[in-house]
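Residue 1269 in my numbering sits at position 80 of the sequence shown; the count goes up by one each step and never skips. Glycine included, each C-beta is placed from N, C-alpha and C at the ideal position. Working notes, beginning with the structure itself.
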Amino acid sequence: MEPTSPHGRPSPSPPLLGPTRSGDDYVLSFATILGKTYRTEKTSTLAPAAWTPVQSPFPGTGGTLTATDLGGASASAIFYRLTVF
């Protein structure tokens, strides 16, 4: 479900500030909204996409959070998305 503003319009997604590579890992950094829950997901292909969690869902703090995809940088192709609920 897409978050909406009080006026019924979609709220903008929090900006993804990463990813950055750290050895064989990718670190995903993004701004969060207090009271929202976030889940980072990945897939190796977009046709068709089979999204799997990078980490368990976690609550937004109103600040910047990070999620680390262990071994993600060693994949031949990888795509990430951030879901908010």
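Measuring straight from C-alpha to C-alpha, what distance separates residue i and residue j?
i	j	result
Ser1245	Ser1265	24 Å
Ala1256	Arg1270	12 Å
Pro1237	Asp1258	21 Å
Phe1247	Leu1235	25 Å
Arg1210	Ala1239	23 Å
Excluding the 5 residues flanking residue i on each side, which residues of the same chain have their C-beta closer than 7 Å to its C-beta?
i	result
Met1190	Here the model assigns Met1190 a pLDDT of 42, short of 50, so the residue's position is not dependable, and the following value carries that caveat. So the qualifying residues of the chain are Phe1274.
Gly1251	Thr1221, Ile1222 and Leu1223
Pro1208	Tyr1215, Val1216, Leu1217 and Tyr1269
Ile1267	Lys1231, Ser1233 and Gly1261
Please work out which residues of its chain come closer than 8 Å, Cβ to Cβ, to residue i, disregarding the five sequence neighbours upstream and downstream, and give them in chain order.
i	result
Gly1212	Ala1262
Thr1241	Glu1230, Lys1231 and Thr1232
Assuming residue i and residue j make a contact with CB atoms under 8 Å, what is their CB distance in whole Å?
i	j	result
Asp1243	Thr1229	Reading the sequence as shown, one finds Val at residue 1243 and not Asp. At roughly 4 Å, the Cβ-Cβ gap stays under 8 Å, so Val1243 and Thr1229 are in contact.
Gly1249	Asp1214	Gly1249 to Asp1214, Cβ: 23 Å. No contact.
Less than 7 Å separating the beta-carbons of residue i and residue j?
i	j	result
Ser1218	Thr1253	yes
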